[in-house]
Amino acid sequence: MSGNLEFKNYRREGRLFTRRAIMAGLFVFILLGVVLGRMFYLQVIDHEHFTTLAQDNRVKLIPLPPTRGLIYDRQNRPLALNRPAFNLEIVPELVPHIDQTLEDLDVLIGLREQDLERFNRLRRQKRHFESIPIKLDITQEEAALFAVNRHKFPGVSIKARLTRTYPMKEIMAHVVGYVGRISLKDLKSIDASNYAGTTYIGKTGVERSYEDILHGQVGMQEVEVNALGKAVRVLKEIPPRPGRSLRLNVDSALQKVALDALGDVNGAVVAIDPRDGGVLAMASKPGYDTNPFVEGISSKAYKALRDDPDKPLYNRAVQGTYPPGSTIKPFMGLAGLELGLLDLKEKKYCPGFFQLPGHDHKYRDWKRGGHGPMDVDSAITQSCDVFFYQLAHEIGIDKLQQYLKQFHFGEKTGIDLMGERKGIRPSREWKRRRYKQVWFPGETVIIGIGQGAFQATPLQLAAATAAIANGGHYHEPRLVSAILDESNGDVSPEPGKTHDIPIRNPANWNKIREAMEHVVQGPRGTARRLKNEHYRIAGKTGTAQVFTVAQDAEYDEETITKKMRDHALFIAYAPVEDPKIAIAVIVENGGHGGSTAAPVAKKVMDAWLLGTPDIKPEGATK
């Protein structure tokens, strides 16, 4: 029995238990060290990072877009305003099934093709957590209908926004321009942080040229949010700084007079105050309504405007380049006198054509039988071509183009508007650079009557005419007269730059002004029908060829299509004794300047100097 007894070794088992207990304790200690080390890392070493993450989950930064500055005309009539509107917007990351949501919204309130097109375009441009409009400027009925069914549309809400509106529509379209949705191209050239929360940016006209002034400075709101992302309180706020407003030199009532005077024809009218360069009117016809562009015009509507053969999107006043025709003759005469190549009383005989020495080609005058003996006064008054053919040949293209440069022909005028074209002031260098060809004497001849490669904008003609009117002071044209801070009433004038054209002999300038006066006031002037008893006008008519007539052919207006007829031009200033307005008119395919363009200018000058129900006569004075 004793052989079956087993005795335990308590000492050995005690040592085994002790070892296991020590190992377990050591293991627990190591794990505790790891946990404590991790806690130390999280709480001490990486404290700032995780505090920031936690704060980001609790605090959100919301950009506060600034209110865009307004635009007024010289009489404080509103040209660009902000009006409240309610938009239906979607935050994509909060919508489980966007396509189904869009279908349900279409059934509920109706979505147009352009709404969906705009939404899909913006969806590609914006981040998934940004709010994107699906329907703009919804009606009260639509808002009420959505409110009742809002629980069915997670991630969709109604947002109150300010939207741009243009009360003058097409009247001021080319001057004021419009704002549009910020594109990817825009984002490459702007400070994106300053446009956070902003959906619009200036695209054309003054809206674009003065974007920095009109936009303002974005603000920021720091809010605390709950687990659902809903704001519960505002922790900190930096208010936005509103954009400043603009007052223009342009009188919108005079602008309407100019457009009405053009009637149904295409063309442009630019009126300038010769005393300071302020642009009183800058009309381009046809125009277009800028309001559809604010919220995103449909592709179909934009294509119709873009492909319209009359080009309503085209600002003819600053982008249209035309041969100046006979309106260049006063500048030609002044060049001849000032350069010492023409005497005040010198006469040149006009037999009805001009020939270069040793050449058979005849450069014909508009008057078949010729004008006979002509001095500079009678040549401008009766618009004798032969006189200026010969004068241009005598001056030569090198001296001629340098003199015309002083009036900014072939140069930008410096107007505060983007998109201005320079036109063409032909020269040897210009032809060599563009065509890699030499200059021919015959090209100088036709430059003398504003034809050939010579191209000028209506704005250039108006600004140059203003310089003749005021005796040689070239004022850069200005659309904006002042910047307004409507928060405190501060007004900051926006004067333009001025340079003086060198005058060798004041008598030469007086002679040219007298000749331009005779164009209207004289019995043989080409614009004598504008003569009136209220004020005296100085001007010059012009006709610009659209195509070249063959040597022995005759131009017959009745047998050619309207698009191939000559352009009609007219430049003028008034009153002669104290000029308050200088004007340039182009009527496309209008034929003769005296019968087509001059009456347009007369209506504008009458409105400015004599007044209308909307324009006071003293409006021309400052």
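In case it helps, our numbering puts the sequence shown at residues -17 to 604.
For every residue, glycine included, the Cβ atom is placed at its ideal position computed from N, Cα and C.
Just so it is clear, the structure is predicted and the values come from calculations on it, not from any experiment.
Closest residue to residue i among the options (Cα-Cα distance)
{"i": "E611", "options": "V161, D292 and Q433", "result": "Residue coverage of the chain in this structure runs from -17 to 604, which leaves residue 611 outside it and unanswerable."}
{"i": "E204", "options": "L46, P74, R495 and D255", "result": "L46"}
{"i": "L466", "options": "S227, N297 and G521", "result": "S227"}
{"i": "P294", "options": "K141, S308, G269 and K311", "result": "G269"}
{"i": "D560", "options": "L592, K381, R518 and D588", "result": "R518"}
{"i": "G396", "options": "I4, Y371 and A446", "result": "A446"}
{"i": "E99", "options": "I116, E112 and T83", "result": "I116"}
{"i": "E71", "options": "G51, L93 and N58", "result": "L93"}
{"i": "G524", "options": "E476, K562 and A566", "result": "A566"}
{"i": "V261", "options": "K285, A299 and D246", "result": "A299"}
{"i": "G471", "options": "P274, G322 and R229", "result": "R229"}
{"i": "K238", "options": "K218, K267 and L324", "result": "K267"}
{"i": "V502", "options": "A554, A464 and V528", "result": "A554"}
{"i": "T181", "options": "L236, P136, I120 and Q107", "result": "Q107"}
{"i": "E193", "options": "R215, T145 and G184", "result": "G184"}
{"i": "D631", "options": "R410, M314, E376 and G434", "result": "Examination of residue 631 is not possible in this model, given that the chain is present from -17 through 604 alone."}
{"i": "A464", "options": "P408, D55, F275 and A579", "result": "D55"}
{"i": "L236", "options": "R215, I568, R163 and I563", "result": "I563"}
{"i": "K349", "options": "I114, I153, R(-6) and P333", "result": "P333"}
{"i": "Y177", "options": "V158, G198, F9 and G159", "result": "G198"}
Residue i CB to nearest heavy atom of the ligand NAP below 7 Å
{"i": "Q437", "result": "This structure lacks the ligand NAP; in fact it carries no ligand of any kind."}
Proximity below 8 Å, CB of residue i to CB of residue j
{"i": "N558", "j": "E499", "result": "Before going on, a small fix: residue 558 reads as Val here, not Asn. Yes, these two residues count as a Cβ contact at 8 Å."}
{"i": "V368", "j": "F335", "result": "yes"}
{"i": "A263", "j": "D242", "result": "no"}
{"i": "H516", "j": "T480", "result": "no"}
{"i": "G572", "j": "G245", "result": "no"}
{"i": "S469", "j": "P224", "result": "yes"}
{"i": "L196", "j": "P136", "result": "no"}
{"i": "A550", "j": "L591", "result": "no"}
{"i": "I379", "j": "R410", "result": "yes"}
{"i": "F391", "j": "G401", "result": "no"}
{"i": "K327", "j": "M356", "result": "no"}
{"i": "L144", "j": "T49", "result": "yes"}
{"i": "P408", "j": "G434", "result": "yes"}
{"i": "N64", "j": "I120", "result": "no"}
{"i": "I114", "j": "P78", "result": "no"}
Counted within 10 angstroms of its Cβ, other Cβ atoms place residue i as buried (16 or more) or exposed
{"i": "P339", "result": "exposed"}
{"i": "R460", "result": "buried"}
{"i": "D482", "result": "exposed"}
{"i": "K584", "result": "buried"}
{"i": "V161", "result": "buried"}
{"i": "A532", "result": "Any reading at A532 needs caution, since the residue's pLDDT is 43, under 50, leaving its predicted position unreliable; the model's value is listed next. Counting Cβ neighbours within 10 Å, A532 comes out exposed, since fewer than 16 surround it."}
{"i": "I597", "result": "buried"}
{"i": "V251", "result": "buried"}
{"i": "F11", "result": "exposed"}
{"i": "Q25", "result": "exposed"}
{"i": "P66", "result": "exposed"}
{"i": "F370", "result": "buried"}
{"i": "D538", "result": "Unreliable placement is indicated for D538, whose pLDDT of 47 sits below 50; the coordinate value is still reported in the next sentence. Exposed, since its Cβ has fewer than 16 Cβ neighbours within 10 Å."}
{"i": "N131", "result": "exposed"}
{"i": "L512", "result": "buried"}
{"i": "H156", "result": "buried"}
{"i": "A253", "result": "buried"}
{"i": "G(-4)", "result": "exposed"}
{"i": "N58", "result": "exposed"}
Residues bridged to residue i [DSSP beta-bridge criterion]
{"i": "T480", "result": "H457"}
{"i": "N69", "result": "K141"}
{"i": "K493", "result": "Answer by DSSP bridge pairing: none, since K493 is not bridged."}
{"i": "H549", "result": "A526"}
{"i": "Q203", "result": "I44 and E219"}
{"i": "Y54", "result": "P60 and R229"}
{"i": "P115", "result": "E71"}
{"i": "M267", "result": "The sequence shown places Lys at residue 267, not Met. In DSSP, K267 forms a bridge with G249."}
{"i": "K185", "result": "Per DSSP, none; premise fails for K185."}
{"i": "V567", "result": "V251 and F552"}
{"i": "D472", "result": "D467"}
{"i": "K330", "result": "M356"}
Item checked: the stretch 498 to 518 in contact with the stretch 361 to 378 per 3-pair CB rule at 8 Å -> yes
Check: Taking three-plus beta-carbon pairs below 8 Å as touching, is the stretch 290 to 310 in contact with the stretch 437 to 448?
Finding: yes
Checklist line | Three-pair Cβ contact test at 8 Å for the stretch 181 to 191 versus the stretch 81 to 101 | finding: no
Note to self: Count Cβ pairs between the stretch 271 to 281 and the stretch 451 to 466 that sit closer than 8 Å; are there 3 or more?
What the structure shows: no
Item checked: Cβ contact check for the stretch 256 to 263 and the stretch 484 to 494: 3 or more pairs under 8 Å -> no
Note to self: Check whether the stretch 309 to 324 and the stretch 376 to 388 are in contact - that is, three or more C-beta pairs closer than 8 Å.
What the structure shows: yes
Margin query: If contact is defined by three or more beta carbon pairs under 8 Å, each pair taking one atom from either stretch, is the stretch 15 to 29 in contact with the stretch 425 to 435?
Written below: no
Check: Three or more C-beta pairs closer than 8 Å, one from the stretch 118 to 127 and one from the stretch 146 to 153: is that the case here?
Finding: no
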